[in-house]
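Novice:
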Amino acid sequence: SHQDRVFNFAAGPATLPEKVLLKAQSELYNWRGSGMSVMEMSHRGKEFLSIIQKAESDLRTLLNISDDYSVLFLQGGATTQFAAIPLNLVNPNDTVDFIVTGSWSDKAFKEAQKYSKPSNIWSGKSEKYTKIPSFHDLEQNPDAKFLHICANETIHGVEYKDYPIPKNGLLVADMSSNFCSKPVDVSKFGLIYAGAQKNVGPSGVTIVIIKKDLIGNAQEITPVMLDYKIHADNNSLYNTPPCYGIYMCGLVFEDLLDQGGLVEVEKKNKKKAEILYNAIDGSNGFYRCPVEKSVRSLMNVPFTLEKSELEAEFIKEAAKENMVQLKGHRSVGGMRASIYNAMPLAGVEKLVAFMKDFQARNA
Ligand code: PLP
């Protein structure tokens, strides 16, 4: 029963809404009288077609996506998109601009070197990836075909609160770890991509939202599975899609709409993040968050202990109290609490109470 469940602060795959899991459980064996599980259905049958169409239309409602954009449900993770984006949008000798605010935008930048001429126009590395640049300091290349950003750096916990305007109007964003966590003006972007496994479903589904007029110019070497035109022309059914994952994403989209949409979802996320950051900042230095306050992520909250030798004990004791996956990424150490949409307020309140108690016992 749900009483056995832990508060899971993992960065992804991550906690999903209990309501969604229970609904999936109730339909697992026999989906709505079809006599089949969604896992057993033909991806070309009318049942699955209704599932993928509803998922797309609910996502369009949530993010207010206009008909000028295609919505694609793909595989390969956001990592595959690091290659697919330059392959589809530019030629091998084209310049493209990257802002490198953490590990993920750095990986995207490096992969793009194989298929284009990316330019790292700003890096936060020397400041340990705790900042987002101020936009008027950016020196964009005049001939850059797009500007790539990572909207939320999952490992370092920096999040754009506003977006830079690219010289040529084409902004590309990795939204893997803050997708559907708040309203986004999709019309500002040429392309948005996100792995599902943080905010909207299980791993195995990657969502691409792309302006239709950008589709159809892939480089000749582009593998068929990476060609947006192939997937757009076939409504994401060119080959067998990740059917069950798409179904789960659909249940999450429905749940987000039931909650009142992304304006309401953002309010809840802001409240959770505020409670946690206040606990860190109000600890007289016992806990610290290195990220510049104005760009702190609402989704991934990295923090350290002044007495770093106690970090392993903190993580161990928290796990005993059913708060798991609080260890920071191996590249940065410390702790990280991922508090995606599906993390209940009660989970954050319990963590903060534990933090205060741990401090009282170890100060
Ligand atoms: N981009 C960001 C911001 C991420 O958090 C992740 C996390 O896994 C990735 C890209 C890579 O995604 P995937 O593992 O789905 O390839």
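In full-length UniProt numbering, the protein residues as written are 67 to 429. We treat Cβ as the ideally placed atom computed from N, Cα and C, and that holds for glycine.
#1: Express the C-alpha separation of K278 and H222 in angstroms, rounding to a whole number.
#2: Would you kindly report the start and end of the unbroken beta strand (DSSP E) that includes P184?
#3: Let's see if you can read the secondary structure: which residues bound the alpha helix (DSSP H) around N335?
#4: Which residue marks the beginning of the beta strand (DSSP E) containing R396, and which one marks its end?
#5: Give me every residue whose Cβ sits closer than 6 Å to any heavy atom of ligand 2, in chain order.
#6: Report back the beta-carbon spacing between A178 and P152 to the nearest angstrom; my notes put them in contact at under 8 Å.
#7: With DSSP as the reference, identify every bridge partner of P410, one or two as the case may be.
#8: If you count every other CB in all the chains shown that lies within 10 Å of the CB of Q391, and 16 or more means buried, which is it?
#9: Compare the beta carbon distance of T81 and A408 with 8 Å and say whether it is the shorter of the two.
#10: Pick helix, strand or coil for A76, following the three-state DSSP scheme.
#11: If you measure between the beta carbons of S243 and M365, is that distance less than 8 Å?
#12: Counting pairs of beta carbons, one from the region 168-182 and one from the region 206-222, are three or more of them closer than 8 Å?
#13: Let me know the secondary structure DSSP gives N428 once reduced to three states.
#14: Between which two residues does the alpha helix (DSSP H) carrying H297 extend?
#15: Tell me which residues share the same chain as E270 and place their Cβ nearer than 6 Å to its Cβ, disregarding the 5 neighbours each side in the sequence.
#16: Cβ atoms of F212 and V238: under 8 Å apart, would you say?
#17: DSSP three-state call for M291: helix, strand or coil?
#18: Can at least three beta-carbon pairs, one atom from the region 404-421 and one from the region 333-342, be found at a separation below 8 Å?
#19: Quick check on A174: buried or exposed, where buried means 16 or more other Cβ atoms within 10 Å of its Cβ?
Specialist: In this structure, then:
#1: Taking the straight line from one Cα to the other gives about 32 Å.
#2: From DSSP, the beta strand (DSSP E) with P184 extends over K183 to S189.
#3: L328 to D347 is the extent of the alpha helix (DSSP H) around N335.
#4: Here R396 belongs to no beta strand (DSSP E), and DSSP marks it neither H nor E.
#5: By its list of ligands, the structure shown excludes ligand 2, since it contains just ligand 1.
#6: That belief holds up - the Cβ atoms of A178 and P152 are roughly 5 Å apart, short of 8 Å.
#7: For P410, DSSP assigns no beta-bridge partner whatsoever.
#8: Answer is buried; the Cβ neighbour count reaches 16.
#9: Contact annotation: T81 and A408 have beta-carbon atoms nearer than 8 Å.
#10: DSSP places A76 outside both helix and strand once states are collapsed to three, so it counts as coil.
#11: In contact: S243 and M365 (Cβ atoms closer than 8 Å).
#12: Because the criterion of three Cβ pairs below 8 Å is met, the region 168-182 and the region 206-222 touch.
#13: Helix.
#14: Note, H297: alpha helix (DSSP H), Y294 to D299.
#15: In the sequence as presented, Glu is not what sits at residue 270; that position holds Gly. Result list for G270: P308 and G311, in chain order.
#16: The beta carbons of V238 and F212 sit closer together than 8 Å.
#17: Reduced to three states, the DSSP call for M291 is helix.
#18: Yes: the two stretches touch, three or more of their Cβ pairs being nearer than 8 Å.
#19: Classification of A174: buried, given that the 10 Å Cβ count is 16 or more.
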